[in-house]
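Numbering (this note's numbering), first residue to last: 13 to 406.
Below you can see the structure in the form of structure tokens.
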């Protein structure tokens, strides 16, 4: 058989003059093939069937193609955003959020090119997102993700120019926090241990969800009673993970867990998301939709402020400030006995009050009822204080 005929038999699908899906000897999978410097280059699609292989081939082309100074009218918007995801965003901790943004851009703009991204179309996209019931802050993030992808392509010289994309105004901060009775109801709802551990860590540190899910025993300094929420080797981001005091309540809980790796785990494995489990427990507890995981962090900030913890200490606890200005001094500041001491005291007082009403919290932290702590029940205005049994460590 002549070489040309053999090549035709190998080709399962011709994508363009440059790219084709081919069959390889002794492999069940289809391969994407193209030429670089006159030599064939192949990448497996990981698929035997043509349609999924074609979808994977598109991703491979976007990821590996050498694009230089393309005209805006020749480049689809969705292709730029997909390429940015494949080459950059999927390596980030926020990859799931970017992937969701990517789908929304593709659903609205479909085959439109960058040249068609006019101010009028941008306004239409924003209106379309609003019509879907998305929150203003989320809409800003979706638009911002696309803007970042386009600007990056321009900075890399892949596109000759990109339009200016106007971001919506910054939305107000998340307006919700959990009242005392709401927390009691939620924590008393049956939930798997990994979700309870997640709640314990967040309610005793004020950390973000990813920091709670990532927490491992080596991040605890038991002698200094500190938690380094940013594990060694992880680069700090703008969502700063501080070193915070280890509360007495959380110390008792973590000592009792003794996991091999992560405190928040599912049969020993890291938990990538608690959203589905959280939603099931939220529904079972009869809580509203806004009772999302981030409400824990907002509740911590609100509760610390209500208990008289200074704003500067709250900012340090939540990672909004990075401590003293001199980096060397900052390394030692956390060992000061007074380091965020008022925040730690407020946490333990709050957890003690919750433990009176949440048996699982009391049992999990080896706490018992004892002498005269006064608990304020947050029932809105005119909330009454009532004398209850205090909570003390065994």
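Positions of the beta carbon are idealized from the N, C-alpha and C atoms, including for glycine.
Just so we're clear, the structure is a prediction, and the values are computed from it rather than from any experiment.
Own chain residues within Cβ distance below 7 Å of residue 140, not counting five before or after: 120
Helix, strand or coil at residue 177 [DSSP, three-state]: coil
Ranges of the alpha helix (DSSP H) found wholly within the segment 191-264, counting only runs of at least 4: 192-199, 205-217, 221-226
Is the segment 149-156 close to the segment 75-90, with three or more CB pairs under 8 Å? no
Under 7 Å between C-beta atoms of residue 358 and residue 319: yes
Would residue 215 pass as a contact of residue 286 if the rule is Cβ separation under 7 Å? no
Beta-carbon within less than 7 Å of residue 277's beta-carbon, same chain only, minus the 5 sequence neighbours each way: which residues are those? 206, 271, 283
Is the distance from the Cβ of residue 55 to the Cβ of residue 44 below 7 Å? yes
Spatial neighbours of residue 289 within its chain, please: C-beta separation below 6 Å, excluding the five flanking residues on both sides. 207
How about residue 232 and residue 256: do their beta carbons lie closer than 7 Å? no
Could you tell me if residue 138 is buried or exposed, where buried requires 16 or more neighbouring beta carbons within 10 angstroms of its beta carbon? buried
Over what stretch of residues does the beta strand (DSSP E) that includes residue 353 continue unbroken? Per DSSP, residue 353 belongs to no beta strand (DSSP E); it is in the alpha helix (DSSP H), 353-369.
Quick one: what does DSSP say residue 102 is sitting in, helix, strand or coil? helix
Could you compute how far the alpha carbon of residue 411 sits from the alpha carbon of residue 57? The structure shown does not extend to residue 411, since the chain is modelled only from 13 through 406, so no value can be given for it.
Keeping to the same chain, check which residues put their C-beta closer than 6 Å to that of residue 78; ignore five residues upstream and five downstream. none
Taking one C-beta from the segment 122-138 and one from the segment 106-113 each time, how about it: are there three or more such pairs within less than 8 Å? no
Need the endpoints of the alpha helix (DSSP H) that residue 407 sits in, please. Outside the shown range of the chain, which is 13 to 406, sits residue 407, and nothing can be said about it.
The beta strand (DSSP E) spanning residue 46 covers which residue range? 42-48
On the criterion of 16 or more Cβ atoms from any shown chain inside 10 Å, does residue 23 qualify as buried, or is it exposed? exposed
Host beta strand (DSSP E) of residue 32 (start-end): 32-35
Any idea which residues DSSP pairs residue 25 with across the strands? 33
Name the DSSP bridge partner or partners of residue 55? 44
So is residue 305 buried or exposed if we call it buried at 16+ other beta carbons inside 10 Å? buried
Take the Cβ of residue 328 as the centre, count every other Cβ of all protein chains shown within 10 Å, and call the residue buried at 16 or more, exposed below. buried
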